[in-house]
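Asks: The following block contains the structure, expressed as structure tokens.
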Amino acid sequence: ASTLGAAAAQSGRYFGTAIASGKLGDGNYTGIANREFNMITAENEMKIDATEPNQGQFNFNNADRIYNWATQNGKRMRGHTLAWHSQQPGWMQSLSGNSLRQAMINHINGVMAHYKGKIPYWDVVNEAYADGNSGGRRDSNLQRTGNDWIEVAFRTARAADPAAKLCYNDYNIDNWSWAKTQGVYNMVRDFKSRGVPIDCVGLQSHFNSNSPYNSNYRTTISQFAALGVDVAITELDIQGGSSSTYASVVNDCLAVSRCIGITVWGVRDSDSWLGANTSPLLFDSNGNKKAAYNSVLNALNAA
Ligand code: G3I
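Each residue of the sequence shown is one higher than the last, beginning at 42 in the UniProt record's numbering.
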């Protein structure tokens, strides 16, 4: 196959990208995105501050612009994200205790109702684990409402849209030897054993010199999959853009049947949150295919 999406589809997987609503008028950007990718994540537009800027008043204007562009072009979407310590609107940042817990529940219900039956995967909870060696939860206003906030979020999401696959999404859970990975693994194992609804784990996979790709990535993917959840690579970018590292990531996903797809976190280097100078993506800032693109396409086609 000659595009990333079609090549991934040969093994029943998808290949996605993050899309920013402010760039939908850029024909170079949308041309590449439409041609190459078949799964879309809104880079910021479905986050809490965007969708509920005032408490109880939902705004889906920019989220729907991306949703409509995606569906009109035959693409599906990953919903990102419903419960997160970051990018909370000011009103939510100032809440705590029961009122924050109820606001989280209302937010999940409000957003999932708008997209009921339309979004196959939701990042229900994002980045709830701490960096470093504790393997424990990140401190946040949500965490301070009680350790059960994550399972409450997942149970709320299941009831709100029973058709959606519900994912836990985080960064620095790619390396199997890291405490954060083990912390999330233990949570998923506990949820599965107690019947808390969880269907997938998102490995964000932002690789850089502080958190480099490690060959135990394949072990991480297969260990999560063995718990009975799908695994998605949700926000892939590689500082420096190494072709061989990109190929390794793709091959590790292809090696595990429950690794269902790969999403890169932006189209061109100039679209990356990291800045174009780090060369993290598959297209250069002019929209030309990079060596890393060919490496990914070849790996997908060899499957
Ligand atoms: O839209 C405003 C603009 O009006 C304003 O002038 C400008 C001034 O700072 O800010 C603009 O908003 C920025 C927004 O991106 C859109 O460009 C925010 O400041 C900025 O914080 C925001 O950054 C996003 C970041 O999440 C916020 O946490 C990045 O685009 C986005 O790529 C990044 O994505 C996250 C995932 O959601 C979760 N995992 C990590 C990943 C990378 O950080």
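From the three backbone atoms N, C-alpha and C, an ideal C-beta is built for every residue, glycine too.
Between the C-alpha atoms of A333 and V297, what's the straight-line distance to the nearest angstrom?
Replies: Looking at the two C-alpha atoms, the distance is approximately 22 Å.
Asks: With distances taken from CA atoms, which of W132, N339, Y226 is nearest A169?
Replies: Checked all of W132, N339, Y226; the closest Cα to A169 is Y226.
Asks: Does the beta-carbon of Q128, which I'm using as the reference point, lie nearer than 7 Å to any heavy atom of ligand 1?
Replies: Yes; taking the cut-off as 7 Å, the Cβ of Q128 has a heavy atom of ligand 1 nearer than that.
Asks: Considering only residues of the same chain and omitting the five flanking positions on each side of K331, which have a CB-CB separation below 7 Å?
Replies: These residues qualify, in order along the chain: G282, L323, F324, D325.
Asks: Is it buried or exposed for S320, if we count other Cβ within 10 angstroms and need 16 for buried?
Replies: Counting Cβ neighbours within 10 Å, S320 comes out buried, since at least 16 surround it.
Asks: Express the C-alpha separation of N103 and K159 in angstroms, rounding to a whole number.
Replies: About 16 Å.
Asks: Could you tell me the distance, in whole angstroms, from the CA atom of V166 to the CA atom of S256?
Replies: Each residue's Cα considered, the two are about 27 Å apart.
Asks: Which whole-angstrom value is the C-beta distance of T122 and V305, which I expect to be below 8 Å?
Replies: Wrong, their Cβ atoms sit about 17 Å apart, outside the cutoff.
Asks: Rounded to the nearest angstrom, what separates P253 and Q280 at their Cα positions?
Replies: Between P253 and Q280, the C-alpha separation is close to 9 Å.
Asks: Does ligand 1 have even one heavy atom less than 7 Å from the beta-carbon of N167?
Replies: N167: yes, Cβ under 7 Å from ligand 1.
Asks: Is DSSP giving Q113 helix, strand or coil here?
Replies: Helix at Q113.
Asks: What are the boundary residues of the beta strand (DSSP E) that includes F56?
Replies: Its beta strand (DSSP E) spans residues 55-60.
Asks: What number of angstroms, rounded off, separates the C-alpha of N109 from the C-alpha of M133?
Replies: About 28 Å.
Asks: Is W217 near ligand 1, with its Cβ less than 7 Å from a heavy atom?
Replies: No.
Asks: Within the same chain, show all residues whose beta-carbon is closer than 7 Å to that of R106, passing over the 5 residues directly before and after it, in chain order.
Replies: Result list for R106: S62, L65, in chain order.
Asks: By DSSP's criteria, M118 is part of a beta bridge. Which residues make up the other side?
Replies: For M118, which the question treats as bridged, DSSP gives the partners I81.
Asks: Since A267 is in the alpha helix (DSSP H), which residue starts that stretch and which ends it?
Replies: Start and end: 258-267.
Asks: Sort out for me which residues DSSP pairs C300 with in a bridge.
Replies: Note: C300 sits in a beta bridge opposite V272.
Asks: Just list the residues that DSSP pairs Q98 with in beta bridges.
Replies: In DSSP, Q98 forms a bridge with N95.
Asks: Verify the contact flag: H148, CB atom, against every heavy atom of ligand 1, threshold strictly below 7 Å.
Replies: It does not: the Cβ of H148 is nowhere closer than 7 Å to a heavy atom of ligand 1.
Asks: Quick check on the DSSP output: the alpha helix (DSSP H) that includes D231 runs from which residue to which?
Replies: From DSSP, the alpha helix (DSSP H) with D231 extends over 220-235.
Asks: Within 8 Å, do at least three Cβ pairs link the segment 211-220 to the segment 147-158?
Replies: No, because fewer than three Cβ pairs between the segment 147-158 and the segment 211-220 fall closer than 8 Å, the two stretches do not touch.
Asks: At 4 residues or longer, what runs of the alpha helix (DSSP H) sit wholly inside the segment 169-215?
Replies: Runs of the alpha helix (DSSP H) inside the segment 169-215: 190-201.
Asks: Measure the beta-carbon distance from Y287 to S336 and round it to whole angstroms, keeping in mind my assumption that it falls under 8 Å.
Replies: About 5 Å; that satisfies the 8 Å criterion.
Asks: Can the beta-carbon of A266 be found less than 8 Å from the beta-carbon of C300?
Replies: Cβ atoms of A266 and C300: closer than 8 Å.
Asks: The alpha helix (DSSP H) that contains W132, what's its start and end?
Replies: 131-134 is the extent of the alpha helix (DSSP H) around W132.
Asks: Anyone know if the C-beta pair for Y162 and K233 falls short of 8 Å?
Replies: Against a cut-off of 8 Å, the Cβ pair of K233 and Y162 comes out as no contact.
Asks: Give the DSSP bridge partners of N249, in chain order.
Replies: DSSP lists no partner for N249.
Asks: From A47 to E77, what distance separates their C-alpha atoms?
Replies: About 8 Å.
Asks: Quick one: is S140 buried, meaning 16 or more other Cβ sit within 10 Å of its Cβ, or exposed?
Replies: Burial call: exposed.
Asks: G302 and F56 look like a contact to me (Cβ under 8 Å); what is the Cβ gap, rounded to whole Å?
Replies: The pair is a contact, with the Cβ atoms about 7 Å apart (cut-off 8 Å).
Asks: Is it true that the CB of A273 sits closer than 8 Å to the CB of G243?
Replies: Against a cut-off of 8 Å, the Cβ pair of A273 and G243 comes out as a contact.
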